[in-house]
Structure formats: C-alpha cells, structure tokens
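Visitor:
2 protein chains.
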Amino acid sequence: MELLKETILERGQIYPNNLLKVDSFINHQIDPMLMAEIGKEFKQYFGDREVTKVLTIEASGIAPAMTTAFEFQVPMVFAKKTLPSTLMKDKVYSADVFSFTKNVTSKVVVAETLLNKGDKVLIVDDFLANGEAVLGLKKLIEDAGGEVVGVGILIEKSFQPGRQKLEDNGLDVYSLARIKSIADGKVTFK
Amino acid sequence: MELLKETILERGQIYPNNLLKVDSFINHQIDPMLMAEIGKEFKQYFGDREVTKVLTIEASGIAPAMTTAFEFQVPMVFAKKTLPSTLMKDKVYSADVFSFTKNVTSKVVVAETLLNKGDKVLIVDDFLANGEAVLGLKKLIEDAGGEVVGVGILIEKSFQPGRQKLEDNGLDVYSLARIKSIADGKVTFK
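So the sequence lines, in the order shown, correspond to chains G and V.
Per full-length UniProt numbering: the first sequence ends with 190, consecutive numbering throughout.
Per full-length UniProt numbering: the second sequence ends with 190, consecutive numbering throughout.
#1: Going along chain V, which residues have a C-beta under 8 Å from G:Lys80?
#2: What residue range is occupied by the uninterrupted beta strand (DSSP E) comprising V:Gly150?
#3: Look at the Cβ atom of G:Phe25, then the Cβ atom of G:Val124, and state whether they are nearer than 8 Å.
#4: Using the C-alpha atoms, what's the distance from V:Phe70 back to V:Val97?
#5: From the DSSP output, read off the bridge partner residues of G:Val174.
#6: Measure the beta-carbon distance from V:Ile62 to G:Ala63 and round it to whole angstroms, keeping in mind my assumption that it falls under 8 Å.
#7: Name the DSSP bridge partner or partners of V:Phe98?
#8: Going along chain V, which residues have a C-beta under 8 Å from G:Ala95?
#9: Does the distance from the CB of V:Tyr174 to the CB of V:Gly136 come in under 8 Å?
#10: Roughly how far, in whole angstroms, is the beta-carbon of G:Leu114 from the beta-carbon of V:Gln29, given that I think they are within contact range, below 8 Å?
#11: Strictly under 8 Å for the Cβ-Cβ distance: is V:Ala177 near chain G by that measure?
#12: Does the region 145 to 163 of chain G come close enough to the region 74 to 81 of chain G that 3 or more CB-CB pairs lie under 8 Å?
#13: Quick one: grab the DSSP three-state call for V:Ile26.
#14: In or out: V:Tyr93 buried (at least 16 other Cβ within 10 Å) or exposed?
#15: In terms of residues, what are the limits of the beta strand (DSSP E) holding G:Thr188?
#16: Does any C-beta atom of chain G lie closer than 8 Å to the C-beta of V:Leu114?
#17: Can at least three beta-carbon pairs, one atom from the region 165 to 185 of chain G and one from the region 153 to 164 of chain V, be found at a separation below 8 Å?
#18: Where does V:Gln44 fall in DSSP's three states?
#19: For V:Gln44 and V:Gln73, what's the separation of their Cα atoms in angstroms?
#20: Taking the alpha helix (DSSP H) that G:Met66 falls in, what are its first and last residues?
#21: How far does the alpha helix (DSSP H) with V:Ala133 in it reach, from first residue to last?
#22: Nearest-angstrom Cα distance between V:Ala54 and G:Leu20?
#23: Do we get a CB-CB distance below 8 Å when we pair V:Ile62 with the residues of chain G?
#24: Following the continuous beta strand (DSSP E) through G:Leu122, name the residue where it begins and the one where it ends.
#25: Which of the three DSSP states is assigned to V:Lys21 in this structure?
#26: What are the residues that DSSP puts in a beta bridge with G:Ile14?
#27: By how many angstroms is the C-alpha of G:Ile57 removed from the C-alpha of G:Lys165?
#28: In whole angstroms, what is the alpha-carbon distance linking V:Gly47 and G:Lys157?
#29: Using 8 Å as the limit for Cβ to Cβ distance, is V:Gln73 near chain G?
#30: Candidates G:Arg49, G:Ile182, G:Ala177: which alpha carbon is nearest G:Asn17's?
#31: Listing by chain order, which chain G residues have their CB less than 7 Å from the CB of V:Ala111?
#32: Does chain V have any CB closer than 8 Å to the CB of G:Ala133?
#33: Quick check: G:Met35 and V:Met66, are their CB atoms within less than 8 Å of each other?
#34: How many angstroms separate the CA atom of V:Lys117 from the CA atom of G:Lys91?
#35: CB-CB under 7 Å to V:Val51, same chain, minus the five flanking residues each way: which ones, in chain order?
The structure is reproduced here in structure tokens:
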C-alpha cells in the first residue's frame with residue numbers, strides 16, 4: 001500500500017538499534033484518514049471471504065481493526081493484555097504471548113461470550129515481527145471453535161521470522177508495508 | 001443520542017452492585033457502525049469550534065475518539081497509562097489520575113511532541129463518573145500550552161460528581177447518554 005509506505009518514509013523515525021517508531025501516525029498519535037484507507041485496503045484484499053468478526057490486541061491494533069470491521073460491517077473485538085476488574089467474573093479464553101522485544105511472556109484474554117463456534121475471524125495487527133501475538137490470537141479463536149480467515153498486518157518486519165511462522169501455521173498473511181531492512185537510519189521495503 | 005441509549009438498554013448488562021457493563025459494544029467488543037455515528041454526533045455538537053486534535057486515554061477511548069477525529073479531519077492522540085519501552089527515551093507530559101473504582105492512582109502520559117502550544121483539543125472518553133481522567137487530560141493539554149475546547153462523553157453517570165467537577169473547571173461537557181440511576185438491574189436516563 002503506497003500511502004502507508006510513503007507515510008513511513010516521511011513520518012517514521014529510526015531510533016538507535018534501528019528501531020522504527022511510528023508514534024506520530026499509528027502507535028500514539030493516530031491518523032484517522034490513513035486508518036480509513038487501511039480498512040478499505042483490507043476489505044479489498046479479504047473481501048471475497050466470509051468474515052464474522054475482526055480481532056486485534058489493545059491498544060495500537062484498535063484503530064485499524066475498527067476501520068476494517070466497519071468496511072465488513074461486523075463487530076471488532078480487542079484482546080486485553082491484562083485482566084481488568086470488570087472481566088474477572090467472566091470466563092475468558094487466554095493465551096500466552098512471548099515478546100522478544102521486552103523478553104517477557106504476557107497473557108492475552110477475550111471474554112468467552114465474544115468469540116463463538118463458527119466465527120470466521122480476520123486478525124488485524126499493527127506490527128508483525130516474530131508472529132507470537134498473532135499465534136496467540138489464533139489460539140483464542142480456535143479454543144472458541146472459530147477459524148482464522150486471514151491476517152492483515154500494517155507493517156511487517158520481513159527480516160524477522162514472523163511471516164514464515166504464520167505461513168507454517170496455514171495462515172494467509174497480507175502486509176501493507178513489508179520492510180526488507182532498516183540500516184543506517186534508512187528503511188528499505190521489499 | 002437515541003441510538004446509544006437504545007443500545008445500552010438492549011445490550012448493556014447490569015452486574016452486582018449496579019455496575020453497568022458495555023463490553024459487547026464499547027469496552028471489549030466494539031460496534032464500528034455505532035462508533036461512526038458517535039463521531040458524527042460529536043462533530044455536529046462541537047463542529048462550530050476550531051479543533052486541532054482529539055485526545056483520549058487508551059484503550060476504550062480510542063474507537064470513538066478516532067471516528068470523531070475523522071469527522072474533524074484532524075489527528076487523534078491517546079494518552080498511555082504506562083510508560084512503554086519505546087517511550088522511555090522521549091520527554092512526556094504526565095498527570096496522576098485517581099480511580100475511585102480501583103482505588104489506585106495511575107499515571108497517564110503523552111509524548112511532548114504530540115501536544116503543542118496553541119493546540120485546540122477536544123477530549124473524548126467512554127465513561128464520565130468522577131471526572132478524574134478528563135482532569136488529567138486537561139492538565140496534559142495545558143502543560144503543553146494548548147487548551148480544551150470541549151469534552152465529549154459516551155456514557156455519563158450523572159449520579160456521580162464528574163460533570164459538576166468538570167463544569168467547575170470551566171469545561172463544556174456533552175454526554176451522549178446521561179444515566180440518572182441504575183437500580184434493581186435497570187438503567188434510567190435523565
């Protein structure tokens with residue numbers, strides 16, 4: 001998606017250790033016009049499939065997952081990273097997600113009432129690096145008796161093993177911007 | 001806003017201690033069509049004011065803040081509740097927010113680059129109870145040299161002191177659904 005690639009080049013920031021930061025349009029400040037276009041792009045790619053729900057993880061996934069769900073005219077669910085007090089009384093599906101960046105394992109949960117047998121779920125997330133988050137969401141969906149119909153990613157770090165792992169798990173991954181390398185403060189797309 | 005009130009009556013759940021749960025369309029699962037209408041409603045109410053940015057708090061505020069920002073064609077910023085690792089190197093505006101529900105004080109932060117002198121900010125949040133969250137956001141905006149042009153709330157618990165506190169601070173509060181009471185499992189609007 002050219003618009004996203006251009007925005008990354010114009011507004012992304014490269015931090016020490018070649019860390020790409022997109023806080024000015026995806027992760028902290030959000031560009032709602034870009035998000036609307038992203039929703040349309042995912043609808044165009046996945047539009048031939050039956051989708052009953054869009055699933056993401058709080059917080060950065062919420063915006064693009066919502067515009068995508070709007071295009072499909074279906075509900076969006078965001079998995080929570082902790083157990084807030086209001087969820088404690090509910091039964092939840094849960095999965096452990098290991099973060100290589102932070103070197104910690106955290107739990108993602110979805111209330112059992114919100115994922116159902118027969119659900120055909122499109123997963124949307126902002127970054128794909130090692131694929132652990134998406135595999136965690138896949139587990140939640142399958143624990144509920146649903147199935148993953150596709151995975152929509154905004155920014156794929158193609159130099160990391162996430163895509164391969166997801167494909168090995170039978171998932172169809174569509175990434176709007178695939179980054180081949182980040183070096184010397186410069187992003188190169190595939 | 002009739003659509004929101006009807007949705008609360010149809011899909012809201014009353015838990016013990018008269019706790020209203022809206023996890024099936026606002027707080028965990030999100031109804032993107034409802035959110036689009038909410039954005040239009042806030043645009044209609046606040047549309048005569050200059051708005052340069054919409055500000056909310058993660059995670060439940062993101063969806064309605066984004067549709068509102070889309071209507072105004074301005075960026076949306078969400079304050080973060082903790083300091084994620086990628087923010088650590090940045091300077092932030094911060095405010096303490098006391099939660100009466102959880103009886104804890106937490107910190108909300110926004111990177112200094114994302115709030116600026118002269119910004120005219122519309123605050124959007126899902127619930128208004130004691131007003132502490134909105135007052136925290138107001139502090140961030142004013143620390144940056146900006147001003148609050150209005151406060152858009154989805155669900156106001158009018159039996160709690162939030163609105164009064166915000167009005168005492170000179171804020172114009174527009175709530176889409178004002179709840180007068182929750183008793184015996186029943187919601188009554190003002």
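Don't be surprised by glycine CBs; every beta carbon is placed ideally from N, CA and C.
Just so it is clear, the structure is predicted and the values come from calculations on it, not from any experiment.
Guide: Reading off the structure:
#1: His28, Ala59
#2: 147 to 157
#3: no
#4: Those two C-alpha atoms are separated by around 27 Å.
#5: Val is not the amino acid found at residue 174 of chain G; the sequence shown has Tyr there. DSSP output for G:Tyr174 lists G:Gly152 as bridge partner(s).
#6: About 6 Å separates the beta carbons of V:Ile62 and G:Ala63, which is inside the 8 Å limit, making them a contact pair.
#7: V:Thr105
#8: Neighbours of G:Ala95 on chain V: none; closest Cβ ~16 Å, over 8 Å.
#9: Going by C-beta atoms, V:Tyr174 is not nearer than 8 Å to V:Gly136.
#10: 5 Å
#11: No, no contact with chain G.
#12: no
#13: coil
#14: buried
#15: 186 to 189 is the span of the beta strand (DSSP E), which, as asked, contains G:Thr188.
#16: yes
#17: By the C-beta criterion, the region 165 to 185 of chain G is judged not to be in contact with the region 153 to 164 of chain V, since fewer than 3 inter-stretch pairs fall below 8 Å.
#18: Here V:Gln44 carries a helix assignment [DSSP, helix/strand/coil].
#19: 14 Å
#20: 62 to 72
#21: 132 to 143
#22: According to the sequence provided, residue 54 of chain V is Val. The question's Ala does not apply to it. C-alpha separation (whole angstroms): 25 Å.
#23: It does; some Cβ of chain G falls within 8 Å.
#24: 120 to 128
#25: Three-state DSSP puts V:Lys21 in a strand.
#26: Its beta-bridge partners are G:Leu20.
#27: Taking the CA atoms as reference points, G:Lys165 sits about 19 Å from G:Ile57.
#28: 40 Å
#29: yes
#30: G:Ile182
#31: Asp23, His28
#32: no
#33: Cβ distance < 8 Å, so G:Met35 and V:Met66 count as in contact.
#34: 46 Å
#35: Phe72, Val74, Lys120, Leu122, Val149
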